[in-house]
Amino acid sequence: MSADERLEEVCETLEDPDVELRRKISTILTIPRIFTVQELTTERCEKLFTSAPVEVFDCVLNSEDRQFQDGKPLIAHILSFCCQMTSPTTHMKFKPVIANIVKLSTPKNGPLTTSTLNDITIIVTYMSDDRKCIYDFLRNTTSYFINQGEKLEVEVFLSISKLLLSKIFSLINVGDDASTIDTRVWPVGILSIIRNLIKEKTEKMSETIIIGIWDIIGSVSRLMGPDWFSLDENFAKIVAQMNTVEINMALHTADSIDVVKFARHLRILEVFVSAINDEEIFTEGGTLNDVCLAVSFIFIQ
1334 MSADERLEEV CETLEDPDVE LRRKISTILT IPRIFTVQEL TTERCEKLFT
1384 SAPVEVFDCV LNSEDRQFQD GKPLIAHILS FCCQMTSPTT HMKFKPVIAN
1434 IVKLSTPKNG PLTTSTLNDI TIIVTYMSDD RKCIYDFLRN TTSYFINQGE
1484 KLEVEVFLSI SKLLLSKIFS LINVGDDAST IDTRVWPVGI LSIIRNLIKE
1534 KTEKMSETII IGIWDIIGSV SRLMGPDWFS LDENFAKIVA QMNTVEINMA
1584 LHTADSIDVV KFARHLRILE VFVSAINDEE IFTEGGTLND VCLAVSFIFI
1634 Q
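Taking the numbering used here, the leading residue of the sequence shown gets 1334, the next gets one more, and so forth.
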């Protein structure tokens, strides 16, 4: 059978109201075996996922039946593909299952793989506008990477964290105050991971990883302001000193300033400067006092 003939057969099964739900579930779960990635063009994906009932996905994700447990990560994989290959009109109909997709990243759902974590990240960033859901997932991913310990998948951690933090930024409205940001657990977790990374000699890291680390530092500090650095003032001092060096390096050659690098580190500098006006954080004789003094070095060059 040709790909179009197979697709027609699958769509008929999914659309037929007389076909049992269990058979429709089986059909959905066999999609990766029925079609190659090359065969699933945008046009075919539109037809396939337009035919697919939301309740089929919801049933698998909600089921406690052991035979469906292995199918849950597969559902996440199929939906992540759907997000990337179909129009918002098509894939947004699956929005009601996002909360259950995020639950797959909790420990009670068994061991989590990096592949499934990537799939859930794609689904959340494409489809979710529920801040609670996104913060829950950010907490789960942070815990996942902390538990990796010395086997941390650095690039995956940086990539997923950047996507989720960017998603949070996209949902913040002008005029929102700090109380709208859920700072439970994940800021401490990300800080501890970044702190361990910058203890390593950066010359051993690729440029991509170094930029990724600074992107995460910049994103979290923009979300939380000086409060993030007050969680660990020694960390704050190290970051401020390293950031000062990076800014000076960006400005090293007057006729060829690295504008992108300068802008990245200037945003972090702004957070430290704002701490000077925060009476609760900037205390005379405190570590952040030293941090801000170190930062001021830039302005007297």
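For every residue, glycine included, the Cβ atom is placed at its ideal position computed from N, Cα and C. Quick caveat, the model's predicted, so the values are computed rather than measured.
Between Leu1530 and the set Ile1571, Leu1362, Ser1552 and Gly1558, the nearest pair of CA atoms involves Ile1571. Taking a cut-off of 8 Å for Cβ pairs, the region 1369-1382 and the region 1390-1407 do not touch, as fewer than three such pairs fall below it.
Remark: fewer than three beta-carbon pairs, one from each stretch, lie closer than 8 Å, so the region 1425-1435 and the region 1474-1481 are not flagged as touching. Rounded to whole angstroms, Asn1451 and Lys1500 show a C-alpha spacing of 15 Å. Going by DSSP, Leu1530 is part of the alpha helix (DSSP H) stretching over Trp1519 to Lys1532. By alpha-carbon distance to Asp1391, the top candidate from Asn1433, Ile1542 and Met1418 is Asn1433. Setting aside the 5 residues that flank it on each side, Arg1600 is surrounded in the same chain by Gly1551, each with a C-beta closer than 6 Å to its C-beta; the list follows chain order. Distance from the Cα of Arg1464 is smallest, within the candidate group Asn1506, Ile1411, Ile1546 and Thr1446, for Asn1506. In its chain, beyond the 5 residues on either side, Ala1583 and Leu1584 have a beta carbon closer than 7 Å to the beta carbon of Ile1590. In the structure shown, Asn1506 falls within a coil segment according to DSSP collapsed to helix, strand and coil.
Pro1440 and Asn1581 have their C-alpha atoms roughly 44 Å apart.
Here Thr1447 carries a helix assignment [DSSP, helix/strand/coil]. In this structure, Thr1423 lies away from Phe1490, with their beta-carbon atoms at least 7 Å apart.
Counting only runs of 4+ residues, the alpha helix (DSSP H) found wholly inside the region 1439-1484 occupies 1447-1460 and 1464-1481, in chain order. For Ile1550, the enclosing alpha helix (DSSP H) has its first and last residue at Glu1540 to Met1557. Residue environment for Leu1504: exposed (fewer than 16 other C-beta atoms within 10 angstroms of its C-beta).
Look at Gln1417 here: in three-state DSSP terms it is helix.
CA-to-CA, the gap between Arg1517 and Ser1554 works out to about 15 Å. Counting only the Cα atoms, His1598 lies some 20 Å from Asp1565.
For the set Pro1559, Val1592, Asp1349 and Phe1568, the Cα lying nearest the Cα of Glu1603 is the one of Pro1559. In terms of Cβ geometry, Ala1409 and Thr1447 do not form a close pair [threshold 7 Å]. Restricting attention to Ile1546, Val1457 and Val1393, the CA atom closest to the CA of Glu1486 is found in Ile1546. Residue state for Asp1515 is assigned as coil, using DSSP reduced to three classes. One Cα belongs to Ile1549, the other to Val1352, and the distance between them is close to 48 Å.
By the CB criterion at 7 Å, Thr1458 and Leu1412 fall outside the cutoff. Setting aside the 5 residues that flank it on each side, Ser1384 is surrounded in the same chain by Cys1344, Leu1347 and Glu1348, each with a C-beta closer than 6 Å to its C-beta; the list follows chain order. Judged by DSSP secondary structure, Leu1437 falls outside any alpha helix (DSSP H); it is assigned neither H nor E.
In this structure, the beta-carbon distance from Ile1455 to Ser1438 does not fall below 7 Å.
Between Val1389 and Ile1361, the gap from beta carbon to beta carbon is short of 7 Å.
Of the other Cβ atoms in all chains shown, fewer than 16 fall within 10 Å of the Cβ of Ser1335; this residue is therefore exposed. The beta-carbon distance between Arg1366 and Leu1340, rounded to whole angstroms, is 14 Å. This is too long to meet the 8 Å contact definition.
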